[in-house]
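All remarks here apply to the structure that follows.
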Amino acid sequence: MKILSQKNKWATINIIGIAIAFAAILLVSTYTIHELSFDKFHSKADNIYRLNVDKPGRVGFMETADNLQTASLNGYYTSSLYDYFPEIKDVTLLTNTYNLSLKVGAETYSIEKSFYTDHSFFNLFDFNLLQGNKNDLFKNTNEIVLSKKAALKYFGDTKVVGKEVKIKSEYDNNDGTSYTVKAVFDDFPSNSHMTFNLLISEKTENLQSPYGTAFTYLLLQKESNPIQLADALNLYWKKNVKESELAPTFKLMNLKDIHLKSHMRDELGSNGNLNSIIILVIGALIVFLIAIVNYSNLNFVQFTTNLKDLKIKIINGASLLNLSTNQIGVSLFHTCIAIVIGTLIAINFDNISNFNLQFNFSIKLFLCVSIFFAILFSFIALLPLYTKNISNNLSKTPDQGSKKFIISLVFQFVLSISAIILTMVLHKQVDYIQKTHPGEDKESILTISNFPYEAIAKFDLLKEKVQQHSEIEYLSSTFMPPGIFPDFEHSFEMEGIENSKENRIMINSVEKDFFKLFNIKALVGNLELQNGSDFIWECKAITPNSEIALQNLEKLDPIHKNFKEQYILNESAVKKLGFKNPEDAIGRQFQYHFRAPRYFKKGEIVAVIKDLHYADLFSKELPMVIGLKRIFNGTFLVKINKNKKAEAIQKLTKEWNQLFPDSLMKYKFLDDIYAEIYKNQYKEMKALTLFAILSILLSILGMFALSSYSIQHKTKEIGIRKANGASSLEIMIQLIREYAIWVALAFIIACPLAYYTAEDWLQHFAYKTDLSWWIFALAGIIALIIAIVTVSWQTWNAARKDPIYALKYE
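What follows is the structure, encoded as C-alpha cells:
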C-alpha cells in the first residue's frame, strides 16, 4: 500500500507538470502564430508597402521635428508617386476623419474609426464584402462603405446598399452632406493592423492636400526592390526642394512587418511587439523544461524503485518489448489526462487570468502539440529501460547522490531564479514608468479630445462653469494628448544665444493651469502664470501675413499692450542652449519664429521645469519651450476629486452638453492612456510573473518528490547518526545544507544570465530603472526559502524517528 500510495503521489506530480507545460505551450503557440500572421490574408501582401517618414524634413510651411518618425506623411509628398516611379503599380491613401457625425433618419451618431480613401484601396486590400461589388466602389464621390458592425449599429441590418446617410463635420452649417452606402464588408479579422468602421470616398487629389497627412500604401511591381525605390524617392526630393529647405527621407515597410516592427507616431492602431513574443516563448520554455526535468527524474525514481519487480518479470519470461509497451501505456495514460487538464486551462485562461491572450482553439495546433507531448514523454519513459542494465543493477542500491539529480535540481533553480529576477526587474521598470510620467493621481485626471472647434473658443466659459463644482479641481488644455510628442519645431532667437536658422526647438502650447493640474514644480523661476493671449487675438494672429490680417491685428493689439508673452523651458532645452545652470536662462528674452510671425510675441523665460516625459519613455525627451496659447489646444485636461469620480464626471458631462449639445464628450483617464502605450510591457510583466510562479511551483513539486525519495533511502544513515548521539536538529540541518548548496550554485549561474537578459530588455527604454543588487539578493533568498520549506517537513520527520525503527526499516 505504501508503494502504491507513493506511485500515486509521483503520478499526480507528473500529471500536474505535464498539464501546466501543455497549457503554456498551447497558449503561447496560439498567440505567437496569431501575432506572426498579421495581414498575411491579403493576396498581394508580399508586394504592398507602407511609405513611412524617417525624417520629416522642412518643405514650405511644413516644419516638423527632425527626429519624429511617422507612419503617415503629408499629402503633398504623395503627388510625385504616380508620375515618376514606374516600380509603383498602384497607390492608395487613407486620411483620418475628425469630429464627424452620421445621421440616419432622425438618429445622429458619432463616427469612430473612419477614413477618407480613394478607389485604389480595394485594388490593394482583400476584405470580405457581404454586400456590394468590389469593382464599382469609390469611382464617384459621396459614397461610403460600412463594416458589418457599423451597419448593424446604424441600420440594425447588413442589407443597406443603396441607402442614404448624412455626414456632417464640425464646420458644416447645414445638416451635412448626403452619402450613399455602396457596400458592407465583414468585420476585420483580428490579425489586421488596420481596423475601421466606415470608409468615405474622396478624390485622390484631395487626399494629397499639404494641410493634412495620409497613410500611404504602395503596390509594387513584383520585380521591384523596395530599398532601391526608397533611395530613389529620397533622391527625388533632395533634388526638388529649395536650397533653404530640408528634404524629407522615407522608408518602405512591407505590410506583413507593420504589426510587429513598426512603432512610429501616428500608427493606425496599437501594434504588437516582437519582444513580448520572445518573453512569452522564453517563459513557456522555462515551464516546459522544468516539467521535462521533473518527469525525467521521477521516471528514473520509479524505475529504480521497481527494479526488483522488473527483474522478476524478466525471469518469468517478459521481454524488453513487453516492458516497453507497459511503460508507454502508463506514460500515455498520464499524458492524456494532463492534455485534457491542460486544454481546459488554456481554453479558460483569459477568463481566469484577464490576460487577454485571445486564445482561439485550433484543432490542427492542438493535435500537433498533443502528438509531440505523447511522443516526447513516452520516449523519456523508455530511457531508463534502454540506458540501464537491469540484470547488473538488481543487487545494487541505486546511487541516491546521483549527479543526474543534482544537475537537474540546479538546472530547475537556475530557470526559476532567472524568472524571479526578470519578473522583479519588469515590475520595477513598470513602477518607474508610473512614477516618471506627470500626474500623481493619474486615475483622477481625464482627457477630452476630438471635440468641435467651438469648444476651444468657449474654453474660458466651460472652465468657469465646471470649476464651480467642488468635485472638479482644475480644467486646463494643451496642444497634444498625453502619450504624443508635439511636432512643431521652428527656429528662434534668444538673448545671449547666437542667432542661426539651424537653432530650432520644439514648442508646446498649454493653458496656465496646466502645471497646477499635474502638480509640476519649477526647478527655477515662477509658474504662477498670467492668463495667456486672448482667443480672438490668436485667431487673427494665426493668419499668415496679409494687409487685411495685419490691419485687423493692429486693431486688437492695443487690447494686448500690457500682455507679456511667458515661456517655460524644460531641462533638455536648457542643456541644448548651453546653460550650465537653469538659473542662467531665467529672465532672458525669447522670440519664437512661426509661419504666422505675429502669433508668438517676444517674451521672457519665466521658469525651467524638469523634463515632462509627457509622451513615452522609449525615446529621449526632446528640448522644448512651452508657451501659453490656446488655438492649437486640441486636448482638455480635467483633474477631479478621486473620491467623487462618478459625481464629477456626471457634472462635467452636464456642463459640456449644455454648451455643446451636438458634440459627445469623449474622455479617457490618464492611467488608461499610459496603460495603452505600455500594454506590451504590462503583458510581458504579467506573463513573466505567471511563468515565474509556475516555474517555482513545478520546482517545488520536483524538489518535494526528489527529497522524499532521497531521504527515504537515507533512513539507515540517519539511524546510525542518531545512535551515535546526533540530535534531530543537527541531522535536519545536515540534510537541508545539501539542498542549500545546490540552490546557491544555481543562484551563481542564474545571476549573470538574468542580468544580461534584463539589461537587453531595458535597452528598449530611453529612461530605465537600475538593476539594483537587492533584486538578485532577494531572488536568491526567495529560492533558498522555497527550498528549505519544501524539504524541511520531510527532513524533520526523518530526523525525529527512533533510530531502532530506522535501522529495522533499512
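With the numbering used here applied, the sequence shown corresponds to residues 1026 to 1835, in that order.
Beta carbons are placed, not taken as given, at the ideal position from N, Cα and C, and that holds for glycine.
Point to revise | Cα-Cα separation, K1708 to I1304 | key: The alpha-carbon atoms of K1708 and I1304 are separated by roughly 10 Å.
Practice item. Closer than 7 Å by C-beta to I1302: which residues in its own chain qualify, once you throw out the five before and the five after it? Chain order, please. Key: Excluding sequence neighbours, I1302 sits near T1057, E1060.
Point to revise | F1163 to F1146 span [Cα, whole Å] | key: 9 Å
Exercise for review: Would you tell me roughly how many angstroms separate the C-alpha atoms of K1178 and D1687, rounded to the nearest one?
Suggested key: 19 Å
Point to revise | Limits of the beta strand (DSSP E) - the one that A1239 falls within | key: 1238 to 1245
Practice item. Measure the alpha-carbon distance for A1610 versus W1262 and round it to whole angstroms. Key: Whole-angstrom Cα-Cα distance: 38 Å.
**Study point:** Span of the alpha helix (DSSP H) around G1308
**Key:** 1299 to 1330
Check your understanding: For K1421, which three-state DSSP category applies?
Key -> Bear in mind that a pLDDT of 48 at K1421, under 50, signals an unreliable position, so the number given afterwards is only what the model happens to contain. Of the three classes helix, strand and coil, the one that applies to K1421 here is coil, per DSSP.
Practice item. Examine the ligand HEM and report whether any of its heavy atoms sits within less than 7 Å of the Cβ of Y1792. Key: The ligand HEM is not part of this structure, which contains no ligands at all.
Exercise for review: Determine the direct distance from the alpha carbon of T1815 to that of I1721, and round the result to whole angstroms.
Suggested key: 11 Å
**Study point:** Reduced DSSP category for F1358 - H, G, I as helix; E, B as strand; rest coil
**Key:** helix
Exercise for review: Please classify H1144: does DSSP put it in a helix, a strand, or coil?
Suggested key: coil
Review point. Secondary structure at I1038, three-state DSSP: helix, strand or coil?
Key: helix
Check your understanding: Apart from the five residues just before and just after V1186, which ones in its own chain have a Cβ nearer than 6 Å to its Cβ?
Key -> Q1156, G1157, V1206
Exercise for review: Helix, strand or coil for G1426, going by three-state DSSP, please let me know.
Suggested key: Caution applies to G1426, whose pLDDT of 43 falls short of 50 and renders its modelled position unreliable; the model cannot decide the point.
Check your understanding: Got a sec? Which residues, its chain only, sit under 6 Å from K1626 by beta carbon, not counting five neighbours each side?
Key -> E1590
Check your understanding: For F1374, which of helix, strand or coil comes out of DSSP?
Key -> helix
Review point. Does the distance from the C-beta atom of A1176 to that of V1209 stay below 8 Å?
Key: yes
Check your understanding: Does the beta-carbon distance from N1475 to Y1123 come in below 8 Å?
Key -> The answer is yes: Cβ separation under 8 Å.
Practice item. Could you check which residue in N1347, L1677, G1628, D1696 has the C-alpha nearest to that of Q1459? Key: D1696
Practice item. Buried or exposed for N1341, please, with buried defined as at least 16 other CB atoms from any protein chain shown within 10 angstroms of its CB. Key: When all chains shown are included, N1341 counts as exposed.
Practice item. Assign K1184 to buried or exposed, taking buried as 16 or more other Cβ atoms, counted over all protein chains shown, within 10 Å of its Cβ. Key: exposed
**Study point:** Buried/exposed call for T1103, threshold 16 Cβ in 10 Å
**Key:** buried
Exercise for review: Check S1501 in the structure and name its three-state DSSP category.
Suggested key: strand
Review point. Taking Cβ positions, are L1348 and S1403 nearer each other than 8 Å?
Key: no
Practice item. List the DSSP bridge partners of T1117. Key: Y1242
Point to revise | Beta-carbon proximity check, M1690 vs I1530, cutoff 8 Å | key: With a cutoff of 8 Å on beta-carbon distance, M1690 and I1530 are scored as not near each other.
**Study point:** Environment of R1655 [buried if 16+ CB atoms lie within 10 Å]
**Key:** buried
Review point. Can you tell me the Cα-Cα spacing of S1597 and L1548, whole angstroms?
Key: 13 Å
Practice item. Tell me whether G1805 sits in a helix, a strand or coil according to DSSP, three-state version. Key: helix
Review point. CB I1800 to CB A1765, shorter than 8 Å?
Key: no
Exercise for review: Identify the continuous beta strand (DSSP E) that holds S1836 and give its terminal residues.
Suggested key: What the structure shows of the chain is the stretch from 1026 to 1835, and residue 1836 is not part of that stretch, so it cannot be assessed.
Review point. By a C-beta neighbour count over all protein chains shown, 10 Å radius and 16 as the cutoff for buried, is T1166 buried or exposed?
Key: exposed
Practice item. For V1365, count neighbouring Cβ atoms within 10 angstroms of its own Cβ and tell me buried if that reaches 16, exposed if not. Key: exposed
Practice item. Give me the Cβ distance between L1323 and I1038, rounded to the nearest whole Å; I'm assuming they're in contact under 8 Å. Key: 6 Å
Check your understanding: Rounded to a whole number of angstroms, what is the C-alpha to C-alpha distance between T1350 and T1360?
Key -> 15 Å
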